[in-house]
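Residue numbers (our numbering): 946 to 1435.
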């Protein structure tokens, strides 16, 4: 009687505990179902499509265009290949599992080992390639005038890429050795192996790449701020930047700092004046008869000499500005890529660390919700690298438009010879051509219009005007002789 009375009570308690456990599991299951329904079903196709099209287009662009140097194109092409393979392996796998409930890893042991090993290897490989881009840029920033060209040659960079690819096989070996299909899921044989792979992910995929990227980004960003403080928008050096760094608190230091260069002022002025006079005599245009034509109201004066120097300095500033814009273009690309990498990869690594070393137990539905959410964030880095090429500057858009016109537009009937003949024809009748060429012209008459206003005279010029021109030219010669005599006396 005693046994028969207690047996149904035990069965009832077990059933109640099972029902409570099922109720608890059912309460957390809505998180994963809502993630699939409202986020992953539209997020994964969008990310995969953007990543595929962007990586393929950037791969074609980088191989056809020369906007980046050769030693940088090696890393950028490698990043495009890595992003494409990450989306092809990991993104398609997750999309099939979310949409159709089909997991390619659960088919057999071979597919389980190959897929999980190769997908994790591509995550590692893409991260280290991106690190090498940042480290190379940081090296160029730290030593701009002492760059070793042999160190950055294509042969050495490819050898470095090969060595890193072989080194990254080591942290991936546990996936290839200890992962099997167990109870219909691709899992490790025990929990200790899962903890080991978590430590490898934290060190090789998290700490080392992020440390290298963060250090390089901070150095590059600091260099940009220093350049912005030292140079103005045109590219000229700010004299106030050097004065601010000097200690001018006392009057004695101030007097010493301003009176010491007087010893060399005469020699510097002599060289400067001679170079300016030589530039004037060389740059004044002449007619076929070697006779200058000047208007009666104009005169060659020393006032216009500094403006000739401004003309040459303007061309140098344009070149300097173009090079600084190119370096800023590449630097902003790297900074954006590094920040997106850290924001997309680190949530998953931190979750793995907490799951294996902090949490004692976690509900299965909560684990699936957090895992697939953070794993999907890793695709942001793979699909957004090509976008930063467009965001960093307008050069990419111009070259892209030219590449699209080259591929899509129809060629002329004459072929290459017809285009060559068209390039040789004069374009002076085109107003747009005149505008573009006038932007880059540096004429003496336009640069020193305040001191000299030179135009061609008609053949019917009066004798009075010609006499006046001769008097003015003789006056300028006398002025130059007097200045030279003064310089010799000093």
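By construction, the Cβ of each residue, glycine as well, lies at the ideal position given by its N, Cα and C atoms.
Between the CA atoms of residue j and residue i - distance to the nearest angstrom
i, j, result
"residue 1330", "residue 1018", "14 Å"
"residue 1032", "residue 991", "11 Å"
"residue 1374", "residue 1282", "Any reading at residue 1374 must be qualified, since the residue scores a pLDDT of 43, below 50, and its modelled position is unreliable; the value itself is stated next. Looking at the two C-alpha atoms, the distance is approximately 46 Å."
"residue 1314", "residue 1035", "17 Å"
"residue 1280", "residue 1039", "29 Å"
"residue 994", "residue 1346", "21 Å"
"residue 997", "residue 1328", "8 Å"
"residue 1168", "residue 1284", "18 Å"
"residue 1083", "residue 1296", "31 Å"
"residue 1316", "residue 1092", "44 Å"
"residue 988", "residue 1289", "15 Å"
"residue 1107", "residue 1130", "34 Å"
"residue 1172", "residue 1028", "33 Å"
"residue 929", "residue 1097", "This structure cannot settle anything about residue 929, because the visible part of the chain is limited to 946 through 1435."
"residue 1354", "residue 1002", "17 Å"
"residue 1350", "residue 1026", "25 Å"
Cβ-Cβ separation, residue j to residue i (assumed contact under 8 Å), whole Å
i, j, result
"residue 1024", "residue 1094", "Their Cβ separation, rounded to whole angstroms, is 23 Å, which puts residue 1024 and residue 1094 out of contact at 8 Å."
"residue 1043", "residue 986", "6 Å"
"residue 1113", "residue 1069", "5 Å"
"residue 1293", "residue 1323", "6 Å"
Cβ-based burial, residue i [other Cβ within 10 Å; buried from 16]
i, result
"residue 1060", "buried"
"residue 1075", "buried"
"residue 1128", "exposed"
"residue 1151", "buried"
"residue 1053", "exposed"
"residue 1115", "exposed"
"residue 980", "buried"
"residue 1000", "buried"
"residue 978", "exposed"
"residue 1064", "buried"
Own chain, CB closer than 8 Å to residue i, minus 5 neighbours either side, in chain order
i, result
"residue 1010", "1344, 1348"
"residue 1015", "1099"
"residue 1311", "973, 976"
"residue 1165", "1079, 1082, 1083, 1086, 1276, 1279, 1280"
"residue 1022", "1004, 1007, 1008"
"residue 1287", "1155, 1158, 1159"
"residue 1162", "1079, 1279, 1280, 1283, 1284"
"residue 1049", "1038, 1041, 1056, 1060"
Contact set for residue i: own chain, Cβ-Cβ below 6 Å, skip 5 residues either direction
i, result
"residue 1041", "1047"
"residue 1066", "1117"
"residue 1073", "1109"
"residue 1142", "1119"
"residue 1326", "1285, 1286, 1289"
Contact set for residue i: own chain, Cβ-Cβ below 7 Å, skip 5 residues either direction
i, result
"residue 1430", "none"
"residue 1121", "1058, 1062"
"residue 1123", "1133, 1134, 1138"
"residue 1126", "1051, 1053, 1054, 1057"
"residue 1333", "1278, 1281, 1282"
"residue 1170", "none"
Original post:
Would the region 1275–1286 and the region 1298–1311 be scored as touching if the rule is three or more Cβ pairs under 8 Å?
Top reply: Here the region 1275–1286 makes no contact with the region 1298–1311; the two share fewer than three CB pairs at distances below 8 Å.
Original post:
Touch check for the region 1132–1144 and the region 1154–1166: three-plus C-beta pairs under 8 Å?
Top reply: In short, these stretches do not touch, since the Cβ pair count stays below three.
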